[in-house]
Amino acid sequence: MAVIRDVMPAFDLLQPASAADAQKLLQQYGEDAWIMAGGLDSFDWLKDRIKKPKVLVDLSGISEMSGVRETGNGVEIGAMTTLTEIAHHPVIKSQYGVLSQAVEVVASPQIRNQGTLGGNVSQDTRCWYYRDGWPCYRAGGNICYADTPVGRNREHAIFGANRCVAVHPSDSVPALIALDAKFVIQTPKGEKVVDAEDYFVGPDIDITRLNIIQPGELLTTIRIPNTWAGAKFYFEKVRDRNVWDFPLMNVASAMKVSGGNIDSMRIAVNAVAPKPMRLKAVEDAVRGKPANADTGEMAGKLAVQGAVPLQFNAYKIPLMRNLVKRAIGGVQEAQWA
Amino acid sequence: MGLIQWATSPWGNSVPIHIAWYLIWVCAISGLLFMIVHALYVGIFAKPKKFAVNDTPAAVAAIPERVPRHSFVARAFHWVMAISMLALLVTAFLPKVGVKFDWVTYHWIAGLVLSASVIFHIVHASFWLDFWSIWPDSIDLRDARRRMMRAFGKDAPPPDRFAKYPLENKFYHFVILCSGLAVIATGLFMMKRVNTFGIFSRNPYVFGDLTWGMMYVLHGLAGVGLIALIMVHVYFGIRPEKLPITKSMIFGYMDREFYLEEHDPQRWAVEPAKKGPGYAPSDAD
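So the sequence lines, in the order shown, correspond to chains W and F.
Quick note, our numbering runs 15 ahead of the 1-based positions in the first sequence.
Just so we're aligned: 114 in our numbering is position 130 of the second sequence, and the numbers increase by one with no gaps anywhere.
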């Protein structure tokens, strides 16, 4: 339970200077180690004394994991690059604007100055029952407090629930999925590269994690290919407080349009399921169709098929339907049905 | 390092949430050790079996070549239960030892199959089979004492041959009955906590946190116990001297020689040989 704020439990602070050293330390300490990027998620856990790692590996001193680098076929973003730097980077803004838009609306300016891309994609869920230290499924217990007849679940999942109904809270992830980003992970066996959507894991597979990072592994880089550079992008985040909040839902898309018709598209939503959702059925359904409100309407209806609302989050179904509709047809054309 | 994992409930109470998962390894290693010790004992130390035999020639002549042991229905139950039990163990414990997959749905479906097959077995065994044949009787206990004394080199008369089931079989059946009923009873209640596609309506408030916790603990203890029990069962099923019994669970009968060697016709009467070798056992057998 959250008993004391501001007094963290004792741990050994390790500050490696290279990604290789960090990975070795993580391998050495295994499950006893905690990875800290910007610290915005970590300090919540530590100050609430809910997570009590023996070792904290602080990545802030690893310069090689920071910055945006152009490559022959896209850009590489170090996992420790701040959200502010990404939001203002000229190449990101001009070629991969959906990511720039997404990170620009993460939390507050101060948090974006400190928060990193690696931390934003790897952060834990914000379900308050879980964050408050209650012994729910995700914390190793045997109940989901949010999914009970009186549980407060307005922000929770309408897809992919499996005992746990928490959602992934990242704003940057849908944009990275839309851009077909690859996540580079250093493991004890070497480098592993996975598609953005495959970086995440649902409670059906592993109820105690949101991503595939295992003890001893480290997300170092995010590569964005130039496949979707300069495409028609759309990002929208819906939240309770526009100045500073986690998403109730967000959507990101990249679309290639010729002659008014959609040649190809990638679209993803987040905060609707325990892991970010790429909407492949929508991508297939809109191919070759005009990029207008009618197609958006069809896509929106398709997107919410199979949604299962909880007691207090049925609003997420029309919200998702309309966000998908707007991502395809545009805000002007897509009126609320 | 306790046997149970505890947590603090939202109301500040300390409640059990489940067993400590290291018990999976404790049970698996215990099962393995039992097999090693037993194999060494049988291979090196055990004396040859010796039973008191007083069959009349007429009684021996009446024994068919193939002695019916398990009816088709009984065998079908056994294998359905075995498959569901293995599915339950795999889906329950592989994720706990690092093999991650979507296990919950498979687990409760296998649990429902097991529950249905066990309920069927209880009814079937109670009304269509010889219900008491699987429970120890006074001769079993007397002979167990005799066998024990002889194993330790003491003077004791040779024991009678077994009835339909050896005493070890009967004890095993009782233990697996207890653990099986424990996982079934707790598992059926636990289905109130997961999505069962409408079969059970979800309601985690049927019990309080403490009761739920004890239920998860009992389910876990019986579950890990089944790891060792199933290991031992499979081990005995493939031991050379037990293969005739295993074959009878597949084909329904055992050979006349094995029957006369291990089983007492006076304690387990079979129908005379009039039906011939092609005789198929019925539910009344």
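The beta carbon of each residue, even a glycine, is placed where N, CA and C say it ideally should be.
- The Cβ atoms of L205/F and I3/F sit closer than 7 Å to each other.
- Counting of Cβ neighbours within 10 angstroms places I20/F among the exposed residues, the total staying below 16.
- Among the residues of chain F, those whose CB is under 9 Å from the CB of R178/W are V88, R177, V178 and N179, following chain order.
- Proximity of the segment 323 to 336 of chain W to the segment 171 to 190 of chain W meets the contact definition, three or more beta-carbon pairs being nearer than 8 Å.
- The Cβ-Cβ distance between V70/W and L29/W falls below 7 Å.
- Here T96/W carries a coil assignment [DSSP, helix/strand/coil].
- The straight-line gap separating the alpha-carbon atoms of P120/F and V107/F is approximately 20 Å.
- Between the beta-carbon of V88/F and that of N177/W there is about 6 Å, and that keeps the pair under the 8 Å contact cut.
- About 5 Å separates the beta carbon of S185/W from that of N135/W, a gap short enough to meet the 8 Å contact definition.
- For I101/W, none of the residues of chain F pass the 8 Å Cβ criterion, the least Cβ distance being about 31 Å.
- Under the 7 Å criterion on CB atoms, D255/W is classed as non-interfacial with respect to chain F.
- In the assembly as shown, G217/W is a buried residue. Its beta-carbon has 16 or more other beta-carbons within 10 Å.
- Taking a beta-carbon distance threshold of 7 Å, Y149/F does not count as an interface residue toward chain W.
- P150/W has a beta carbon lying within less than 7 Å of a beta carbon in chain F.
- Judged by their CB atoms, D219/W and D86/F are nearer to each other than the 7 Å cut-off.
- Only buried fits M270/W, as 16 or more other CB atoms lie within 10 angstroms of its CB.
- Scanning chain F for C-beta atoms nearer than 9 Å to the C-beta of D221/W yields P79 and K84, reported in chain order.
- Apart from the 5 residues on each side of it in sequence, G(-14)/F sits with its Cβ closer than 7 Å to the Cβ of A4 in its chain, given in chain order.
- Excluding sequence positions up to five before and after K39/W, its CB lies less than 7 Å from no other CB in the same chain.
- Rounded to whole angstroms, the separation of the alpha carbons of W259/W and W149/W is 25 Å.
- Every beta strand (DSSP E) stretch that sits fully inside the segment 66 to 154 of chain W and reaches 3 residues is listed by chain position as 70 to 73, 83 to 86 and 89 to 93.
- Nearest in C-alpha terms to I13/F, of all of A212/F, P142/F and A66/F, is A212/F.
- With distances taken between CA atoms, A66/F lies nearest to A94/F out of L172/F, A94/F and V178/F.
- Annotated as proximal: P262/W and K252/W, with beta-carbon spacing under 7 Å.
- A direct Cα-Cα distance of roughly 45 Å separates C179/W from S55/F.
- With contacts defined by Cβ atoms closer than 7 Å, A48/W and L41/W form a contacting pair.
- For the segment 130 to 158 of chain W, the set of residues with a beta-carbon nearer than 9 Å to any beta-carbon of chain F comprises Y144, D147, G148, W149, P150, A154, G155, G156, N157 and I158, in chain order.
- Non-local beta-carbon contacts of P143/F in its own chain, meaning distances under 7 Å to residues more than five positions away in sequence, involve F35, A36, D127, R130 and R131 in chain order.
- Distance from the Cα of T236/W is smallest, within the candidate group R254/W, V284/W, T242/W and T202/W, for T202/W.
- Under the three-state reduction of DSSP, S14/F is assigned to helix.
- Taking A193/W as the centre and dropping the five residues before and after it, the same chain places the C-beta of V113, A267, S268, A269, R281 and A283 closer than 6 Å to its C-beta, in chain order.
- Under the DSSP definition of a beta bridge, C179/W partners with N177/W.
- Boundaries of the alpha helix (DSSP H) harbouring E241/F: R240 to E246, taken from the DSSP string.
- In this structure, A117/W keeps its C-beta atom at 7 Å or more from the C-beta atom of P289/W.
- P0/F is outside the set of residues whose beta carbon lies under 7 Å from a beta carbon in chain W.
- Within the same chain, Y144, W149, C151 and G166 come within 7 Å of Y160/W by CB-CB distance, once the 5 residues on both sides are set aside.
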